[in-house]
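Protein sequence lines correspond, in order, to chains A and B.
Numbering of the first sequence is given in this note's numbering, commencing with residue 8 and proceeding in unit increments.
Numbering of the second sequence is given in this note's numbering, commencing with residue 496 and proceeding in unit increments.
No residue lacks a Cβ here, since even glycine has one placed at the ideal position from N, Cα and C.
Below is one structure, written out as structure tokens, with a few remarks after it.
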Amino acid sequence: DAGVIQSPRHEVTEMGQEVTLRCKPISGHNSLFWYRQTMMRGLELLIYFNNNVPIDDSGMPEDRFSAKMPNASFSTLKIQPSEPRDSAVYFCASRGPTGGGNTIYFGEGSWLTVV
Amino acid sequence: AQSVTQPDIHITVSEGASLELRCNYSYGATPYLFWYVQSPGQGLQLLLKYFSGDTLVQGIKGFEAEFKRSQSSFNLRKPSVHWSDAAEYFCAVGAVTGGGNKLTFGTGTQLKVEL
């Protein structure tokens, strides 16, 4: 079975450019999460969706960040304009519909460097 | 709000020695607890989880963890460490909120295995 698929795996971009990260959750999963990982702050939840609806975006750092989930099989995280401090690994994760203890499965991450 | 503390940032053990990684959580109700492992350049892989029943849970790769409500702890153990266990380990607590389930992660413990 395919896991959570993220693209691009690595991206280097210049400050001020728009960055779009993509995620395909596991088929049948109805919750999707975007996390950011940095050395300084560890793993931070940015936003999560349930049934394609954003439930909690309190972790989104500022207006430069936006996330969408137009359908059950696709989500994007966009940074516009990007800044060097956005350099991090961005993980997408998904969870199935049954029970609060259900496992959250992570993608392999998108490694973003903003120069 | 829930929180997780992993008091040990780095731990070094000899191959074949036993291992215990500490995790303390703060949560107002019965928590869902998880341990994930992250190898360099990879995403997070679930080792084990607890959400009800037996407080001693078995996971993959020979790991186990024990939920102790009185101590608000969920320590990860392995009787004999292998060199391939060198990685970063994250404890997480899950809360069922707003129709979703979001995880809050600890800051991680980096495990080094000496041959």
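Fill in: Beta-carbon gap between C539 (chain B) and F585 (chain B) smaller than 8 Å
Sequence inspection shows Leu at residue 539 (chain B); the Cys mentioned does not correspond to that position. Closer than 8 Å, so yes.
Worksheet item: So what's D549 (chain B) in DSSP terms, helix, strand or just coil?
Response: In the structure shown, D549 (chain B) adopts coil according to DSSP, grouped into three states.
Item to complete: Answer with yes or no whether the minimum CB distance from G35 (chain A) to chain B is below 8 Å.
Response: The C-beta of G35 (chain A) comes no closer than 8 Å to any C-beta of chain B.
Fill in: Where Q24 (chain A) falls: helix, strand or coil (DSSP)
Here Q24 (chain A) sits in coil by DSSP.
Practice prompt. Tell me where the beta strand (DSSP E) around Q533 (chain B) begins and ends.
Written response: For Q533 (chain B), the enclosing beta strand (DSSP E) stretches over residues Y527 to Q533.
Fill in: Through-space distance from S498 (chain B) to S82 (chain A), alpha-carbon basis
Rounded to whole angstroms, S82 (chain A) to S498 (chain B) spans 27 Å at the Cα level.
Practice prompt. Report the option in B:G554, B:F562 and B:K563 whose CA atom is closest to the CA atom of P574 (chain B).
Written response: Cα-wise, what sits closest to P574 (chain B) is B:G554.
Discussion item. Short of 6 Å in beta carbon distance, which residues of its chain neighbour E583 (chain B), apart from the five on each side in sequence? Order them along the chain.
Written reply: Hits under 6 Å: Q533, G603 and Q605.
Discussion item. Taking 8 Å as the threshold (beta carbon to beta carbon), is D93 (chain A) in contact with chain B?
Written reply: Residue-level contact by beta carbon fails for D93 (chain A) and chain B, as no gap is shorter than 8 Å.
Discussion item. If I measure Cβ to Cβ from P3 (chain A) and keep anything under 8 Å in the same chain, skipping five residues before and after, which residues do I get?
Written reply: Only positions 8 to 122 of chain A appear in the structure, and residue 3 (chain A) is not among them; the question remains open.
Discussion item. Given this structure, state the Cα-to-Cα distance separating R29 (chain A) from A590 (chain B), to the nearest angstrom.
Written reply: Our two residues, R29 (chain A) and A590 (chain B), have alpha carbons roughly 26 Å apart in a direct line.
Discussion item. What would DSSP say about Q13 (chain A), mapped onto helix, strand or coil?
Written reply: For Q13 (chain A), the secondary structure class from DSSP, reduced to helix, strand or coil, is strand.
Worksheet item: Name the chain A residues that come within less than 9 Å of L541 (chain B), Cβ to Cβ?
Response: Under the 9 Å cutoff, chain A gives T110, I111, Y112 and F113.
Fill in: Listed by chain order, chain B residues near Y97 (chain A) by CB distance under 8 Å
Near Y97 (chain A) there are no residues of chain B at all, since even the closest Cβ is about 11 Å away, more than 8 Å.
Practice prompt. Quick one: grab the DSSP three-state call for Q540 (chain B).
Written response: Correct three-state label for Q540 (chain B): strand.
Worksheet entry | Secondary structure of R92 (chain A), DSSP reduced to three states | In this structure, R92 (chain A) counts as helix in the three-state DSSP scheme.
Worksheet item: So Y520 (chain B) packs on L528 (chain B), CB below 8 Å; how close in whole Å?
Response: Contact holds; Cβ gap of about 7 Å.
Worksheet item: Which value, in whole angstroms, describes the spacing of the CA atoms of Q44 (chain A) and P526 (chain B)?
Response: Cα atoms of Q44 (chain A) and P526 (chain B): separation of roughly 23 Å, rounded to the nearest angstrom.
Worksheet item: What is the C-beta distance between T507 (chain B) and K607 (chain B), in whole angstroms, given that I count them as a contact (C-beta under 8 Å)?
Response: T507 (chain B) to K607 (chain B), Cβ: 4 Å. Contact.
Discussion item. Just to confirm before moving on: does the CB-CB distance between I33 (chain A) and G66 (chain A) stay below 8 Å?
Written reply: No, the Cβ-Cβ distance between I33 (chain A) and G66 (chain A) is not below 8 Å.
Worksheet item: Using the C-alpha atoms, what's the distance from E51 (chain A) back to D549 (chain B)?
Response: Approximately 30 Å, taken between the alpha carbons.
Discussion item. I'd like to know if L551 (chain B) contacts chain A, where contact means its C-beta is closer than 8 Å to some C-beta of that chain.
Written reply: Using a Cβ-Cβ cut-off of 8 Å, L551 (chain B) does not count as an interface residue toward chain A, since no Cβ of chain A sits closer than that to its own.
Discussion item. Please report the distance separating the alpha-carbon of I62 (chain A) from that of C99 (chain A).
Written reply: The straight-line gap from Cα to Cα measures roughly 15 Å.
Worksheet entry | Backbone CA spacing between A587 (chain B) and F546 (chain B) [nearest angstrom] | Going from the Cα of A587 (chain B) to the Cα of F546 (chain B) covers about 12 Å.
Discussion item. Give me the chain A residues within the contact set of F585 (chain B), using Cβ-Cβ distance strictly less than 9 Å, ordered along the chain.
Written reply: Result: G49 and L50.
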